[in-house]
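Mapping to full-length UniProt numbering: the sequence shown position 69 is 69, numbers consecutive.
We put the CB at the ideal spot given by N, CA and C, even for glycine.
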Amino acid sequence: MLLAIGVVLLIGAAILAPLAFRAVRRWSLQRGIAEARPRALATCAGRLVTVSGTAVPGPGGVIESGLASAECVWHGHEVLRHYWALTRNAETTERDRERASDSIADYGSTELFGIVGPGSSGEDRPVLIDPEDAALSGAHMCLQRVVGRPQPGVPAPADDLLPRVKSRISGLFRGETIEFEYREWVLRPGDPIVVHGRLEIRDGRPVITAPLDGRLRIEQGTDRPEAPSAHRATDALLLSGSAVVTACTGVLLVLAGA
1 MLLAIGVVLL IGAAILAPLA FRAVRRWSLQ RGIAEARPRA LATCAGRLVT VSGTAVPGPG
61 GVIESGLASA ECVWHGHEVL RHYWALTRNA ETTERDRERA SDSIADYGST ELFGIVGPGS
121 SGEDRPVLID PEDAALSGAH MCLQRVVGRP QPGVPAPADD LLPRVKSRIS GLFRGETIEF
181 EYREWVLRPG DPIVVHGRLE IRDGRPVITA PLDGRLRIEQ GTDRPEAPSA HRATDALLLS
241 GSAVVTACTG VLLVLAGA
């Protein structure tokens, strides 16, 4: 009887062993993705991923923002034109003047930068991020300046920012111009970020880029998502423990019944 039970337990251990191995592998992979390990992320090529960590400079090192000349890993700026818009009052049929604004220039840097997981050393190679088509939220506003339009008989205000705008000035210039407003945002080295995008391999290195049907999303200063490996760790531990206990018990019973 002991021999038969022992054999059954060994068969059960043999069934549990590959399940435990796959569970441990899944847990290790998810942990590697959560910690932004390049080797783990390389297995996700062609898939959508969410990676949290710390922003670090890319292969070209720290860059400089276009308007404020601030050191950063990414920068973007926008130019707003404020103007007086004429609207018709429905009650009096007279025209009223109200303040409005249009965006006439919008730019985001395209230099690659990196992300490293918590606890990474300075020698670790980061996972790269391609921000060419990125939507950022929470970035630091490092500059906001309003420049009024020239007035008759009044010296024109110095506008040293216009020549530094990198995108083309365009748009429908409606109404009477009031002023121009310049805004610039940056991501700095060491900023906590969460990146949502598609992972691809370039020259052997994992790069997070925009999905085929959407935009790369980068969130600065947000809460890190809950580690996806918690339940997988429990599954791996239970399956591994069950396989070991079952195998050991089966061996003991086989020896006792032999």
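Are residue i and residue j close, meaning C-beta to C-beta below 9 angstroms?
i, j, result
"Y107", "S167", "yes"
"R188", "E111", "no"
"G47", "R198", "Inspection of the sequence shows that residue 47 is occupied by Arg rather than by Gly. Yes."
"V186", "C142", "yes"
"V73", "V195", "no"
"Q220", "D191", "yes"
"A55", "I115", "yes"
Output the distance between the C-alpha atoms of residue i and residue j, rounded to the nearest integer angstrom.
i, j, result
"R81", "D213", "31 angstroms"
"P59", "F113", "7 angstroms"
"T87", "D96", "5 angstroms"
"L172", "P126", "42 angstroms"
"G204", "D159", "45 angstroms"
"A100", "R174", "10 angstroms"
"P38", "R164", "36 angstroms"
"G61", "I208", "18 angstroms"
"D102", "H77", "14 angstroms"
"T43", "A135", "25 angstroms"
"D133", "H75", "13 angstroms"
Could you tell me which of the options sits nearest to residue i, measuring between CA atoms?
i, options, result
"L41", "E219, R202, Q220, G221", "R202"
"V147", "I193, Y182, V116", "Y182"
"I178", "R149, P206, T54", "R149"
"I104", "F180, A135, P211, P206", "F180"
"A45", "P206, I218, L128", "P206"
"E184", "S137, A36, P118, P57", "S137"
Go through the UniProt domain "E3 Ubiquitin ligase MUL1-like" (94-223) residue by residue and report every complete run of the beta strand (DSSP E) that reaches 3 residues or more, in order. Every beta strand (DSSP E) stretch that sits fully inside the UniProt domain "E3 Ubiquitin ligase MUL1-like" (94-223) and reaches 3 residues is listed by chain position as 95-108, 113-116, 127-129, 134-137, 140-148, 176-187, 192-202, 205-209, 216-220.
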